[in-house]
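Input: a single structure, listed below in structure tokens.
Protein chains in written order, with my numbering: chain A, 57 to 535; chain B, 57 to 535.
Here it is, written out as structure tokens:
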């Protein structure tokens, strides 16, 4: 009975949400009364109330005392998205490590509210279930949980990851999968397998600073490609860049690029794979955020169109399940042997018990249920954060509309230096990620990334207000 | 009462063991009867029997039905140690990865008895206690066990590692320590911090193949230094090599080099540190086996004499406690900041729960108790393996006398190609590590390394016999 009534109130909520999204109901509009909903839809008053609480939790409506519910937020009424910057097609040495270290030294200080670090808060994770999976693995392990699990890694876990490939259009065998210490180790191994120091890697602009740091630490160069808010990498820009430069590999976050949150359409992924296959250029596909889609269905991966074994797919459980387990994987295609060896030489093997526990958790099928829950949580947190930015930041502020993941990319008035902004914010106990660390070309200095990984709270709203106040002060001074 | 009687029988056993070690009692000699021991030492018959069982467990005596106990094995009657080879002082490209992969593909096949892989069997590890430590950490963690534990890593664990530095002559602060994914990640990070592709690293000859693979994968070169069975690196040879070559760093296993099991005397470590400090050459000190000494006390580390922050100490819990946890550490000296950043770029952070559990285990003080136990087990396994090699291998065989760790380095008749020997042995279900993979100079082709990490059993004795039979066949053919 609970299940059917849940469906009922969700149904009602979805209808009203769609009216809001389409702009039929606009911010400030009163929504139909609970009584009216109850009568019109033939549901109980309780059900109607549940529907409205759900919408309130999503940050879409708010109740006003003695008056009823009003629309608070509509995606149809958002500020424009940040500008697309077409980067120069030059192969650049990367030198952002110093800056990133400076930013994150403070961002990781537990006293500060970190809007800089893109990590899900543990209250959003299935702690009890995972701990139970650890306990059960130890019971089952009979001592083997202390032994090495040599590359390619735990077979059960690899099989379960291969099984999930169906969701993104793949049909992997477990021997196609190798377990790594998170997506970061996977990306590092791939870079080392397909390129050498001095080689050029094509990346999105902007792109995750960790990718830039890896490229820097391996003595490789970066070539930035224009990337759109809706459709990701600009394929024409990529084509031109590949004509003008010798590129050893591309490293793209095809689903929900961090920081943009964009997703390449299926057709573009097909074209991308075809283009690179013609030129025999490997594609390292970072799919870290693929399961955290906001739409109706999980996007397909470029790997699904790979016929030559040239796509190296990387991902992990760090953004959705257990950051601290440090378990990720790579589907290395034709570079399998090389990557298995590099893994052994670098970290020998991935932690055994962590792999066992994740296999146990996935086997029970609770991962999909958890993913539904955490996607909703991220969506709600993005809604609330967006609203707070609109409310507290200067009017010219532009905000991304991520199609997945949980970060926002924000363009501030052009006079703002976001690196300095962060240093000021840190003094007030808040950290943000300045745009400069997402590129090699000294662009995005008036951009910031804000993570929505923390459950929404008054404290976070106040943190965003502090940043907004700093911005307004700075603009005031300049005018 | 139990404790005092334990001490009693151990005392008696130690006296007899010393008679055997000094050669007063020789293999084949009858040892005093249990009754005589009981009367002479004023102990009960039970205590006398316990003493003899202990010596039997150590492989030193054996009982003959209706006759009594006889000396079976004495270290005073061992074959000579393998030859020391003075390598050429040339900086070599490393190309052993292919060969190592071929060897260990088979060595890791669970159907084979692996005398090749140097890893403690899980029956030698404190499984129940570690599992309990995991459970307690999860209870205490309240969800934080799923979050990132950013570099430098878990503070409790770092403090406990710093505390243990007293054992090797150090006095570290926990901020001097950074947690890594095992010793292998620590070594890799150190190499990357102090040298770049093309640079030369001075290493021991022979040295652990994993170190050679790392150097190879990073595009660096290796310069081999002669290494003695008793005293480790030959400092004169090192001096000469440093005169003739530009060396970016030394990477030495100062305590119980794998495969030799040698230990540099304290005086040599002092000289080594002084020599390298004069030339401003960093020393990466691999202390993976330091806690697994066979003598009376733990050897001092070279790090203890480091005044300039030029010694980078690396170690882990993989050989003594929990290989599969993949938890090690580095004491990076003046390279701290660079190494912390490289760690973040490569694997972000070390697994949280694994660090918590080890901190919990160390806090309880059960580590030292466990170490005493596992050291005895390794010593016994080394004794039994040595005896079996003497029994089954050709008479010319030479065997190392490891002062710590749990591997044996064996020189076979010069006509033997140990790589081929291994391929033949694998067909019979046994794997060994051929000498060629421990050097870049195509030396040691008639050497093998045998691991004594598995509890002694009839099966292992038979495995050694199989290798011995293959050797004898091959020699027979050649003669």
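Glycine included, every Cβ here is placed at the ideal spot set by N, Cα and C.
{"Asked": "Under 7 Å by beta carbon: chain A residues contacting residue 201 of chain B", "Found": "380"}
{"Asked": "Chain A within 8 Å of residue 410 of chain B, Cβ atoms only", "Found": "yes"}
{"Asked": "Spatial distance of residue 113 of chain B from residue 458 of chain B (CA atoms)", "Found": "19 Å"}
{"Asked": "Residue range of the unbroken beta strand (DSSP E) whose run includes residue 148 of chain A", "Found": "147-149"}
{"Asked": "Residue closest to residue 451 of chain A, alpha-carbon to alpha-carbon, out of A:440, A:466, A:439, A:345", "Found": "A:466"}
{"Asked": "Buried versus exposed, by CB contacts within 10 Å (16 or more), residue 222 of chain A", "Found": "exposed"}
{"Asked": "Within 8 Å, strictly: CB atoms of residue 347 of chain B and residue 310 of chain B", "Found": "no"}
{"Asked": "Between the CA atoms of residue 152 of chain B and residue 22 of chain B - distance to the nearest angstrom", "Found": "Not covered by the structure: residue 22 of chain B. The range shown for chain B is 57 to 535."}
{"Asked": "Contacting positions in the region 156-179 of chain A - beta carbon closer than 7 Å to chain B", "Found": "157, 164, 175, 178, 179"}
{"Asked": "Proximity test, Cβ basis, 8 Å: residue 58 of chain A and chain B", "Found": "With a pLDDT of 41 at residue 58 of chain A, under the threshold of 50, the predicted position of this residue should be treated as unreliable, though the coordinate-derived value follows. No - not a single Cβ of chain B is within 8 Å of the one on residue 58 of chain A."}
{"Asked": "C-beta contact flag for residue 108 of chain A and residue 404 of chain A at 8 Å", "Found": "no"}
{"Asked": "Local Cβ density within 10 Å of residue 478 of chain B, reported as buried at 16 or more and exposed below that", "Found": "buried"}
{"Asked": "Status (buried if at least 16 other CB within 10 Å, exposed otherwise) for residue 420 of chain B", "Found": "exposed"}
{"Asked": "Member of B:243, B:345, B:351, B:285 whose CA lies at the smallest distance from the CA of residue 306 of chain B", "Found": "B:243"}
{"Asked": "Chain-order list of residues whose beta-carbon lies under 8 Å from that of residue 239 of chain B (same chain, five-residue window excluded)", "Found": "342, 344, 370, 371, 372, 374, 384"}
{"Asked": "Proximity of residue 90 of chain A and residue 72 of chain A at Cβ, strictly below 8 Å", "Found": "no"}
{"Asked": "Residue ranges of each beta strand (DSSP E) within the region 312-342 of chain B, 3 or longer", "Found": "339-342"}
{"Asked": "The beta strand (DSSP E) enclosing residue 280 of chain B, as first and last residue numbers", "Found": "277-284"}
{"Asked": "Segment contact flag, the region 423-439 of chain B with the region 389-405 of chain B, C-beta cutoff 8 Å, min 3 pairs", "Found": "no"}
{"Asked": "Pick from B:156, B:254, B:437 that is closest to residue 278 of chain B, judged by C-alpha positions", "Found": "B:254"}
{"Asked": "Any non-hydrogen atom of the ligand HEM closer than 7 Å to residue 285 of chain A Cβ", "Found": "Absent from the structure shown: the ligand HEM. Ligands present: none."}
{"Asked": "Given residue 180 of chain A as reference, the closest of A:518, A:530, A:520, A:508 once Cα atoms are compared", "Found": "A:508"}
{"Asked": "Any C-beta of chain B under 8 Å from that of residue 269 of chain A", "Found": "yes"}
{"Asked": "Three-state secondary structure assigned by DSSP to residue 465 of chain B", "Found": "strand"}
{"Asked": "Touch test, the region 434-445 of chain A against the region 197-215 of chain A, Cβ-Cβ under 8 Å, three pairs minimum", "Found": "no"}
{"Asked": "Pair within 8 Å by beta-carbon distance, residue 186 of chain B and residue 488 of chain B", "Found": "no"}
{"Asked": "Chain A within 8 Å of residue 61 of chain B, Cβ atoms only", "Found": "Legend: pLDDT at residue 61 of chain B = 49, less than 50; position of this residue unreliable, no value from coordinates given."}
{"Asked": "Local Cβ density within 10 Å of residue 184 of chain B, reported as buried at 16 or more and exposed below that", "Found": "exposed"}
{"Asked": "Buried/exposed call for residue 548 of chain B, threshold 16 Cβ in 10 Å", "Found": "Since the first and last residues shown for chain B are 57 and 535, residue 548 of chain B lies out of range."}
{"Asked": "Below-8 Å beta-carbon distance, residue 516 of chain B vs any chain A residue", "Found": "no"}
{"Asked": "At least three beta-carbon pairs within less than 8 Å, the region 308-323 of chain B to the region 276-293 of chain B", "Found": "yes"}
{"Asked": "Residue-level contact to chain B via CB, residue 149 of chain A, 8 Å cutoff", "Found": "no"}
{"Asked": "Buried or exposed (CB count within 10 angstroms, at least 16 for buried), residue 292 of chain B", "Found": "exposed"}
{"Asked": "Spatial distance of residue 193 of chain A from residue 413 of chain A (CA atoms)", "Found": "6 Å"}
{"Asked": "DSSP state of residue 428 of chain A mapped onto helix, strand, coil", "Found": "helix"}
{"Asked": "Alpha-carbon spacing of residue 449 of chain B relative to residue 143 of chain B, whole angstroms", "Found": "27 Å"}
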